[in-house]
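What follows is a short report on a single structure.
Numbering (my numbering), first residue to last: 60 to 90.
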């Protein structure tokens, strides 16, 4: 069978680096 991996990171982690644009989400939703 294939492994399944779930990765969790802090909500404060920016996935866009320091770049800000119209697509940047600052109000993050909780799971």
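Idealized CB from N, CA, C, for every residue including glycine. Here the structure is a predicted model, which means the values were calculated and not measured.
So, for residue 87: in the same chain, excluding its five sequence neighbours on each side, which residues have a beta-carbon less than 7 Å away from its beta-carbon? For this step, residue 87 is matched to residue 28 along the chain shown. Excluding sequence neighbours, residue 87 sits near 70.
Could you pull out every residue in the same chain whose Cβ sits closer than 6 Å to the Cβ of residue 82, ignoring the five residues on either side in sequence? Position 23 of the chain shown, counted from the start, is the residue given in the question as residue 82. Cβ within range, chain order: n/a, list empty.
Cutoff 7 Å: residue 63 Cβ touching any chain D Cβ: Reference to chain D is not applicable here, since this structure consists of a single protein chain.
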